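One gets our numbering by counting positions in the sequence shown from 1 and adding 69 to each.
Note that the Cβ used here is the ideal one computed from N, Cα and C, for glycine as well.
Keep in mind the model is a prediction, meaning the values are calculated, not measured.
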Amino acid sequence: MTFTPPTADQILAIKVSAGIDEIAASERFAAATPDLVEAIVEGVGAFAAGEWAPLHRIGDKVGAKWANGAVTLPAGYADAYKAFVEQGWGSIAGPEAFGGQGLPFTLATAALETLGAANMGFTLLPMLTVGAIEALDHHGSDAQKALYLPKLISGEWSGTMNLTEPQAGSDVGALRTTATPITEGLHAGKYRITGTKIYITFGEHDAADNIIHLVLARTPGSPEGSRGISLFIVPKFHVEQDGSIGARNDVTCVSIEHKLGIHASPTCVMSYGDAGECIGEMVGHENGGLRAMFTMMNSARINVGSQGVQIAERALQQASAYARDRVQSARAGSASKAPVAIIEHPDVRRMLMRMRALTEGSRALLYYTAGQVDRGTLGNDAAQKRAELLVPMLKAWGTDIGCEVASLGIQVHGGMGFIEETGAAQHYRDARIAPIYEGTNGIQAADLVTRKLGYDNGGVLQSLMAQIATEMEDVPEVAALAKDAAAIGQWMSETASLDDKLAGSVPFTTMCAVAVAGWQLGCQARASGLHAKTAVTKFFNRVIVPEARGLGSSAMAGAALLYDLDSEALAG
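Structure below.
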């Protein structure tokens, strides 16, 4: 199918939900003029449609291939990535001191959203590099920044995050990879890294000249658990002081996973120090890896939330095109008995309208979050806290939406959706990983109710929901949902046990996310006056919002119901 960038809706979300004009009023982001914003969104749309979208199917059918420690991407991928680098699409929000354009995060978000809608699996390559850039920019030394950031920002080198180990899973504190100090010789002051990491996205590939791995490991005598973790730069090829590429480091990709989806993205098992000569250098201070990790993870979680929007957009476009072209049966109740395109049938319309409302709603939440991130960068502490509150909502609900919309896309196709040749199934398979990686959606919900809910003694959530209720006073469905979410948040903060909070965390997260999305869709409808946006918003308010309100009972049901059966009986 032909991919059409969702340019108009992105620009509307950037203007209204992110509030780009207010962000551009600052000296730091003054370059983000309306003309430049439109040029970036339109430009990356044309690039994505022309260069990345045509590779979408071959990426799924052929996938990345591993042989003798090397990973080869499908034909055309390396050239498309080279074009991405040459046109500067990865440098939009990079710091100007190291070759970036210094523009708002919101615009970098738009670039990744468009590229991911065109080719989700491929977009994981620049997405992970963003996390590496963030970590080094916030925690690296001046020398490390000067050596690594220019090539990472340009995209000439790619970056990875190495957290997970076979025995650790989501429990980062259980990792066993070691970092032994080197006291003499060529690498004095650095560390020998030894260990194995799994699920490393683009840990090995043939598109970039070098791969900069950021690896969590333990130094000798470090405290147990997450308090004893440090972060290390471990390049695939050593980097000389003049920035040139040197000899190969002792880093090996021993295999790649055979996955349900995102076949174009190699998910690697990485082995460090097989020959005892894997050299890394510490980022920040010893045992400070967890803090640096959260810098990476925060960026990654926003961008994974965006992946839900990306795959929803692609699935919506394909389902809409099929529904327009597929002629079957007369419309019920019509005087004419002639068959019509299935888009005329009420149930197909219901599915397409739901797909569109969920896609545009999750996009509204994405850009509202991005705008708060930019305000936080400008020193607005309240916006920074609100952004951090929104991250688990975006990651969890956004990726759930990606799965739902992709599933509905298959349903619109009917039996043809279950056939691989149509391509509808690829969206569903690709989407399914997003609720799992970068912290499962259950972990996101737990983060919301155990950490983020406590910001300013609950004041950050209460302030957000109060603002929504006030501004949506003339939209009773959204106002009521915001009030319900505020009340449940207060119950969780003041009354609920930890088990009860965790038991209700997932439905509560959905309620909060839908409230924000409904609010921002309403803002967009008012600002634009567009009939289509108003109709989609009305559907969201009357169908999606009441469903979210209905989750209130589940959010407050408590944990006792979950333990009525003991573990043996539950598994039995």
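If you run the structure through DSSP and keep just helix, strand and coil, what is Leu-620? coil
At 3 residues or longer, and completely inside the region 115-152: list those beta strand (DSSP E) runs for me, N to C. 134-136 and 139-141
Whole angstroms is fine: what's the gap from Ser-431's alpha carbon to Gly-527's? 24 angstroms
Out of curiosity, what's the CA-to-CA distance linking Leu-530 and Glu-413? 42 angstroms
Residue closest to Val-241, alpha-carbon to alpha-carbon, out of Ala-277, Val-284 and Leu-216: Val-284
Is Thr-438 close to chain C, meaning its C-beta is less than 9 angstroms from at least one C-beta of that chain? Looking for chain C here will not work: only one protein chain is present.
Range covered by the alpha helix (DSSP H) that runs through Leu-385: 358-394
Kindly indicate which residue of Asp-450, Leu-193 and Gln-593 has the alpha-carbon position closest to the one of Gln-717. Outside the shown range of the chain, which is 70 to 641, sits residue 717, and nothing can be said about it.
Report the option in Ile-348, Asp-553, Leu-630 and Gly-264 whose CA atom is closest to the CA atom of Thr-252. Ile-348
Is it a yes or a no for the region 385-395 touching the region 478-495, going by three-plus beta-carbon pairs under 8 angstroms? yes
Find the nearest neighbour of Gly-171 within the set Ser-622, Asn-188, Glu-203 and Ala-149, judged by alpha-carbon distance. Glu-203
Could you give the DSSP three-state label for His-282: helix, strand or coil? strand
Taking Ser-562 as part of the alpha helix (DSSP H), name the residues at either end of that continuous run. 545-563
Sequence-distant residues of its chain with Cβ nearer than 7 angstroms to Gly-440 (five each side left out): Ser-86, Ala-87, Gly-88, Ile-92 and Thr-175
Less than 8 angstroms between the CB atoms is what I'm expecting for Tyr-506 and Val-373, so what's the real figure, rounded? 7 angstroms
Which value, in whole angstroms, describes the spacing of the CA atoms of Glu-293 and Gly-358? 13 angstroms
Would you tell me roughly how many angstroms separate the C-alpha atoms of Met-561 and Ile-613, rounded to the nearest one? 24 angstroms
Using the Cα positions of Pro-250 and His-496, report the straight-line distance between them to the nearest angstrom. 46 angstroms
From the DSSP output, read off the bridge partner residues of Glu-350. Ile-302
Just how far apart, CA to CA, sit Val-585 and Ala-100? 28 angstroms
Can at least three beta-carbon pairs, one atom from the region 220-240 and one from the region 533-542, be found at a separation below 8 angstroms? no
Pull the bridge partners of Met-485 from the DSSP assignment, please. Answer is none; Met-485 lacks a bridge partner.
When DSSP labels each residue in this structure, what does Val-409 get in the three-state scheme? coil
According to DSSP, is Ile-314 part of a helix, a strand, or is it coil? strand
Candidates Asn-510, Tyr-268, Gly-448 and Glu-234: which alpha carbon is nearest Leu-193's? Tyr-268
What residue does the alpha helix (DSSP H) around Ala-439 start on, and which one ends it? 415-446
Leaving out the 5 sequence neighbours to the left and right, which residues in its chain are closer than 7 angstroms to Asn-231 when beta-carbon positions are compared? Lys-266, Ile-269, His-282, Leu-283, Val-284, Leu-285 and Met-339
Is the region 145-153 touching the region 208-218 in the sense that three or more CB pairs, one from each, lie closer than 8 angstroms? no
Mark Gln-397 as exposed unless 16 or more other C-beta atoms lie within 10 angstroms of its C-beta, in which case mark it buried. exposed
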